[in-house]
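Visitor:
Number of protein chains: 2
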Amino acid sequence: MATPTVSAARTARLVGTLVPGRPAYQALADALRHAVADGRIAVGTRLPSERELTGALDVSRTTVTRAYEVLREAGYLASRRGSGSVATLPAASRRRGTGSLFPADPAEGVIDLTCAASRAPAGVIEAYERAVTRLPEFLCGAGYLTLGVPELREVIADRYAARGVPTEPDEVIVTSGAVAGLGVVLRALLGRGDRVVVENPTYPNTVDSLRRGGARLVPLAMDPDGWDVPEAARTVRAAGAAAAVLIPDFHNPTGALLAEDDRAVLARALRAAGTVPVVDETIAEVCLDHDGPLPRPFAAHDPRTISVGSSSKSHWGGLRTGWVRAPRTALPGLVEARVTTDLGAPVLEQLVLLELMRTSPGLTEERRQDLRASRDALVTTLRRVLPDLGFAVPAGGLSLWCELPDGVDATAVAVAAEDEGLLLAAGPRFSVAGGLDRWIRLPYVLDPATMTTAAERLARAVAVVADGAARPATSRRRPQGRPSRPLVA
Amino acid sequence: MATPTVSAARTARLVGTLVPGRPAYQALADALRHAVADGRIAVGTRLPSERELTGALDVSRTTVTRAYEVLREAGYLASRRGSGSVATLPAASRRRGTGSLFPADPAEGVIDLTCAASRAPAGVIEAYERAVTRLPEFLCGAGYLTLGVPELREVIADRYAARGVPTEPDEVIVTSGAVAGLGVVLRALLGRGDRVVVENPTYPNTVDSLRRGGARLVPLAMDPDGWDVPEAARTVRAAGAAAAVLIPDFHNPTGALLAEDDRAVLARALRAAGTVPVVDETIAEVCLDHDGPLPRPFAAHDPRTISVGSSSKSHWGGLRTGWVRAPRTALPGLVEARVTTDLGAPVLEQLVLLELMRTSPGLTEERRQDLRASRDALVTTLRRVLPDLGFAVPAGGLSLWCELPDGVDATAVAVAAEDEGLLLAAGPRFSVAGGLDRWIRLPYVLDPATMTTAAERLARAVAVVADGAARPATSRRRPQGRPSRPLVA
Numbered sequence: 000m001a002t003p004t005v006s007a008a009r010t011a012r013l014v015g016t017l018v019p020g021r022p023a024y025q026a027l028a029d030a031l032r033h034a035v036a037d038g039r040i041a042v043g044t045r046l047p048s049e050r051e052l053t054g055a056l057d058v059s060r061t062t063v064t065r066a067y068e069v070l071r072e073a074g075y076l077a078s079r080r081g082s083g084s085v086a087t088l089p090a091a092s093r094r095r096g097t098g099s100l101f102p103a104d105p106a107e108g109v110i111d112l113t114c115a116a117s118r119a120p121a122g123v124i125e126a127y128e129r130a131v132t133r134l135p136e137f138l139c140g141a142g143y144l145t146l147g148v149p150e151l152r153e154v155i156a157d158r159y160a161a162r163g164v165p166t167e168p169d170e171v172i173v174t175s176g177a178v179a180g181l182g183v184v185l186r187a188l189l190g191r192g193d194r195v196v197v198e199n200p201t202y203p204n205t206v207d208s209l210r211r212g213g214a215r216l217v218p219l220a221m222d223p224d225g226w227d228v229p230e231a232a233r234t235v236r237a238a239g240a241a242a243a244v245l246i247p248d249f250h251n252p253t254g255a256l257l258a259e260d261d262r263a264v265l266a267r268a269l270r271a272a273g274t275v276p277v278v279d280e281t282i283a284e285v286c287l288d289h290d291g292p293l294p295r296p297f298a299a300h301d302p303r304t305i306s307v308g309s310s311s312k313s314h315w316g317g318l319r320t321g322w323v324r325a326p327r328t329a330l331p332g333l334v335e336a337r338v339t340t341d342l343g344a345p346v347l348e349q350l351v352l353l354e355l356m357r358t359s360p361g362l363t364e365e366r367r368q369d370l371r372a373s374r375d376a377l378v379t380t381l382r383r384v385l386p387d388l389g390f391a392v393p394a395g396g397l398s399l400w401c402e403l404p405d406g407v408d409a410t411a412v413a414v415a416a417e418d419e420g421l422l423l424a425a426g427p428r429f430s431v432a433g434g435l436d437r438w439i440r441l442p443y444v445l446d447p448a449t450m451t452t453a454a455e456r457l458a459r460a461v462a463v464v465a466d467g468a469a470r471p472a473t474s475r476r477r478p479q480g481r482p483s484r485p486l487v488a
Numbered sequence: 000m001a002t003p004t005v006s007a008a009r010t011a012r013l014v015g016t017l018v019p020g021r022p023a024y025q026a027l028a029d030a031l032r033h034a035v036a037d038g039r040i041a042v043g044t045r046l047p048s049e050r051e052l053t054g055a056l057d058v059s060r061t062t063v064t065r066a067y068e069v070l071r072e073a074g075y076l077a078s079r080r081g082s083g084s085v086a087t088l089p090a091a092s093r094r095r096g097t098g099s100l101f102p103a104d105p106a107e108g109v110i111d112l113t114c115a116a117s118r119a120p121a122g123v124i125e126a127y128e129r130a131v132t133r134l135p136e137f138l139c140g141a142g143y144l145t146l147g148v149p150e151l152r153e154v155i156a157d158r159y160a161a162r163g164v165p166t167e168p169d170e171v172i173v174t175s176g177a178v179a180g181l182g183v184v185l186r187a188l189l190g191r192g193d194r195v196v197v198e199n200p201t202y203p204n205t206v207d208s209l210r211r212g213g214a215r216l217v218p219l220a221m222d223p224d225g226w227d228v229p230e231a232a233r234t235v236r237a238a239g240a241a242a243a244v245l246i247p248d249f250h251n252p253t254g255a256l257l258a259e260d261d262r263a264v265l266a267r268a269l270r271a272a273g274t275v276p277v278v279d280e281t282i283a284e285v286c287l288d289h290d291g292p293l294p295r296p297f298a299a300h301d302p303r304t305i306s307v308g309s310s311s312k313s314h315w316g317g318l319r320t321g322w323v324r325a326p327r328t329a330l331p332g333l334v335e336a337r338v339t340t341d342l343g344a345p346v347l348e349q350l351v352l353l354e355l356m357r358t359s360p361g362l363t364e365e366r367r368q369d370l371r372a373s374r375d376a377l378v379t380t381l382r383r384v385l386p387d388l389g390f391a392v393p394a395g396g397l398s399l400w401c402e403l404p405d406g407v408d409a410t411a412v413a414v415a416a417e418d419e420g421l422l423l424a425a426g427p428r429f430s431v432a433g434g435l436d437r438w439i440r441l442p443y444v445l446d447p448a449t450m451t452t453a454a455e456r457l458a459r460a461v462a463v464v465a466d467g468a469a470r471p472a473t474s475r476r477r478p479q480g481r482p483s484r485p486l487v488a
């Protein structure tokens, strides 16, 4: 395969205007480094020659030469015989390219689809750099901002208002991510043995968190493409639960979106049952191609709603910052529950999220296009190599929820897929009540070429299982120190 | 009062060598901005004239002029008639100077001693800046590092080895602060109704966390100056508890340090009782003037020990990053408990802590001297204005644990102190079993002049209570949204 290239003209556009007040070669090197690091110039791409780039930029040849030298020294550029200067990453980052969590990193070439989370989008480093310049304002304090940086609370409140629920900053607290936020809400809201309605399937960490807290789970059955709303309302009324944990916006794992009218119906049932809606909005901003206006947040239908949000999916998981929006009267209880978990989100992370949300409160258009391309590559390949796989193409969210052909067990497929170099989360991991043995979740969070390869590997794994040739799961060795249930996010 | 000044020679030393590769005026402005932001040049100090500084530094007059202009524009320098150029902070940071947590910030001039935590030390911004340059290595991953950045785990392990417990990186996980780490450990270790031994007094958030988890607390009585070890061993043996939460290194709030031999005695009792030691080492590095070598970490005496550490007290609370050190066999269970709280500490914060620990694994000498000066100012003033107050001067930690004169109630003093412009945490907040009504904790975390003022205000509050003139606590209005129990850290 020929080395991919990026034209001098496109490189010049990616570089943009060089930051003044610094040597031009450094500003150029920084701009190129950012573009490589955040993927706007893909690793393995040949950069324009020094001469070409000098022509496209309004700088001297020496500037380009020195910038390329800086990049070579920092490990962002490699000179390959016959290929010119090729974008690369420092050795340390290649090791971490899979984003794996455990000491036993997947071997080279393994595709990890256990997490529905992707690499950082363009602009993240710049947001960190700007945030650091604001840090001095906070260094004279002890650094505990239990409710959150005031400006960030304002920006989050404004985003709710823009989505259709007027919100004041003092109805928002900043948390250390959505999982942390949900944990705080559940601790504040629930006593031991309380009943909690929860969609089935749902996000596995929510179920683990509820079980650890001693809640009694009442599954709310989902169809593969969404809620059976009259049935859901009946379940809610019959349960008389203390709380219901719902993911109405591009539900994880199904990708389904609860329509505006259906929200009203479900909200009425919850009010009638005295059940507080706890709404996980982690994926709410990951709209890819929904027709027409999005439904308003669930809180617009029930003012008692406690909403949990996060920057992990809309911006980057490495930020680990989220929020809770709740009625003002619920806040003191939430803060008391919070300080037994952590004393506040880190100051800098809050400033970074502030920068990112000011630039783009939800998904950037670039990221939306990337995710669409990855989803479409996965869908196209699956239809070709696994025509018997059942799935709906969601208008948002980060994964396909797929039904395997009759008689093919999802856990066996996940095991066989590992042999093919593909890590997957099987249906039972998303189940509240057992079952979902023929379902798998396929996040489309890696680049289109990788998604195509993943689909091909999955097809081979399905064939192996269908042929009855899969080795039993118990024969696997688990790397030392690796938990029995890998993280699914 | 005359405006304090900083000489040109000292300023030149603070600036150090200008970072090459950038315009000199920018490098100079950055160095001065850092010095003001982190307090090496105190706010309100007159900087040397441009002419003087030009003479002291090997730069042109234009460089100094432009650097001062940059600082003026950024809000770090104010020109005052007759006072020259005076160090200041941007408006936003002055508002946050108290480091307060709640929407109702303490009014101007109020001294907040509810948290035993201080401002960021010198060098923190630089650590953030260096960490951002390493971030690109991680941007191509999903950002979930549930165990922690590998290099940071190594540095933490090395620090344990240096303190006397050989430790491998895979015995360490990075957490979102010590409170989060302790929460993870307790969830992994304890079932509902399990007995837990806990020192009395102790860190209030630990007690809250244990109570929320449904533990049955067995208080281990402390003397004002430390442990009655034979009595403690008896308590441990009689309790037969699942775990014991201990703070043997500069105990919070008493500041006491458990001697090496006493650790061995207590460890034997814990082993005999089948009780797992959970050791809070948050303050272990805050040694101010202990004679001789420090006792080894508790894990050196019992390999079952699970240790919880943090950068909050040794470095800065705004970082919100800590760790758990545990036997390798305990790690999978800890990781499973962890992912129901958060999916990992933020990547950048981990890189910042890595930078800070490489520079200074524990307290920097500068910070140690600052804390000593603050402690000594508090002690000196208390002896003068409140000769009846009982306290031992601890060799480390961040606070004095003080016994009020007979008949003077600590909660009443805290209420009266608020009228004097001093916020305090009274003894009952640190109590496991009720009582401690005559004790208050006085953290010496602010500058010496402020500590002196705080002691004077306390003396007035004590006089008011002793005279029986204090208004009842119930007459206080609590600002809206402020939790009933303020955060104590």
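Residue numbers (numbering that gives the first Met the number 0), protein chains in the order written: chain A, 0 to 488; chain B, 0 to 488.
Quick reminder that beta carbons are idealized off the backbone N, C-alpha and C, glycines included.
Here the structure is a predicted model, which means the values were calculated and not measured.
#1: Distance, Cα to Cα, residue 352 (chain B) vs residue 125 (chain B)?
#2: Residue 347 (chain A) to residue 317 (chain B), Cα distance in whole Å?
#3: Please identify the residue among B:185, B:225, B:224 and B:223 whose C-alpha is closest to the C-alpha of residue 206 (chain B).
#4: State the start and end residues of the unbroken beta strand (DSSP E) segment that holds residue 242 (chain A).
#5: Does the structure place the segment 14–30 of chain B close enough to the segment 59–68 of chain B that three or more beta carbon pairs sit under 8 Å?
#6: Can you find the residues in the same chain that come closer than 7 Å, C-beta to C-beta, to residue 371 (chain A), ignoring five residues on each side of it along the sequence?
#7: Tell me whether residue 165 (chain B) is buried or exposed, calling it buried when 16 or more other Cβ atoms sit within 10 Å of its Cβ.
#8: So what does DSSP say about residue 155 (chain A), is it helix, strand or coil?
#9: Step through the CB atoms of chain B and report whether any lies within less than 8 Å of the CB of residue 165 (chain A).
#10: Look at the alpha carbon of residue 19 (chain B) and the alpha carbon of residue 118 (chain A), and state the distance between them as a whole number of angstroms.
#11: Quick one: is residue 249 (chain B) near chain A, going by C-beta distance under 8 Å?
#12: Is residue 412 (chain A) helix, strand or coil by DSSP?
#13: How big is the Cα-Cα spacing for residue 313 (chain A) and residue 282 (chain A)?
#14: Using CA coordinates, which residue listed in B:7, B:335 and B:68 is at the minimum distance from residue 53 (chain B)?
#15: Starting from the Cα of residue 417 (chain B), find the closest Cα among B:389, B:429, B:375 and B:464 and give me that residue.
#16: Beta-carbon of residue 12 (chain B) versus every beta-carbon of chain A: anything under 8 Å?
#17: Where do the ends of the alpha helix (DSSP H) carrying residue 182 (chain A) lie?
#18: Is residue 34 (chain B) buried or exposed, if buried means 16 or more other CB atoms sit within 10 Å of its CB?
#19: Give me the Cα-Cα distance between residue 266 (chain A) and residue 240 (chain A), rounded to the nearest whole angstrom.
#20: So which of B:277, B:134, B:319 and B:309 has the shortest CA-CA distance to residue 145 (chain A)?
#21: Can you tell me which of the three DSSP states residue 124 (chain A) falls into?
#22: For residue 163 (chain B), I'd like the list of residues in its chain whose CB is within less than 7 Å of its CB, leaving aside the five on either flank, ordered along the chain.
#23: Residues in the same chain with beta-carbon distance under 6 Å from residue 152 (chain B), minus the five sequence neighbours each way, listed in chain order, please.
#24: Using DSSP with H/G/I as helix, E/B as strand and the rest coil, what is residue 220 (chain A)?
#25: Could you check whether the Cβ of residue 244 (chain A) sits closer than 7 Å to any heavy atom belonging to the ligand MG?
#26: Measure how close the beta-carbons of residue 333 (chain B) and residue 121 (chain B) come, nearest whole angstrom, since I'm counting them as under 8 Å.
#27: Just checking: is the beta-carbon of residue 490 (chain B) within a distance shorter than 8 Å of some beta-carbon in chain A?
#28: Would you say the segment 439–453 of chain B touches the segment 388–403 of chain B, given that touching needs at least three Cβ pairs under 8 Å?
#29: Looking only at its own chain, which residues have a Cβ that is under 6 Å from the Cβ of residue 373 (chain B), when we skip the five neighbours before and after it?
#30: Exposed or buried, what is residue 237 (chain B) when buried is set at 16 or more other beta-carbons lying within 10 Å of its beta-carbon?
#31: Closer than 8 Å by beta-carbon distance: list the chain A residues that pair up with residue 303 (chain B), in chain order.
#32: Give me the residue from B:150, B:452 and B:462 with the minimum Cα distance to residue 108 (chain B).
#33: List, in order along the chain, the chain B residues whose C-beta lies closer than 7 Å to that of residue 199 (chain A)?
#34: Could you check whether the Cβ of residue 217 (chain A) sits closer than 8 Å to any Cβ belonging to chain B?
#35: Are any of the Cβ atoms in chain B nearer than 8 Å to that of residue 359 (chain A)?
#36: Given that residue 348 (chain A) touches chain B, what residues does it touch there, using C-beta distances under 9 Å?
Guide: In this structure, then:
#1: 12 Å
#2: 8 Å
#3: B:185
#4: 242–245
#5: yes
#6: 287 and 288
#7: exposed
#8: helix
#9: no
#10: 33 Å
#11: no
#12: helix
#13: Taking the straight line joining both Cα atoms gives about 7 Å.
#14: B:7
#15: B:464
#16: no
#17: 177–188 is the extent of the alpha helix (DSSP H) around residue 182 (chain A).
#18: buried
#19: 14 Å
#20: B:319
#21: helix
#22: Hits under 7 Å: 295, 296 and 299.
#23: 168 and 171
#24: Strand, per DSSP.
#25: This structure lacks the ligand MG; in fact it carries no ligand of any kind.
#26: Residue 333 (chain B) to residue 121 (chain B), Cβ: 34 Å. No contact.
#27: Beyond the ends of chain B as shown, which are 0 and 488, falls residue 490 (chain B); an answer cannot be given.
#28: As far as the Cβ criterion goes, the segment 439–453 of chain B touches the segment 388–403 of chain B, which means the pair count is three or higher.
#29: 443, 447 and 450
#30: By the neighbour-count rule (16 or more Cβ atoms within 10 Å), residue 237 (chain B) is not buried but exposed.
#31: Within chain A, no C-beta atom comes less than 8 Å from the C-beta of residue 303 (chain B); the nearest is roughly 17 Å away.
#32: B:452
#33: Correct list: empty, because the minimum Cβ distance to chain B is about 18 Å.
#34: no
#35: no
#36: 319, 345, 347 and 348
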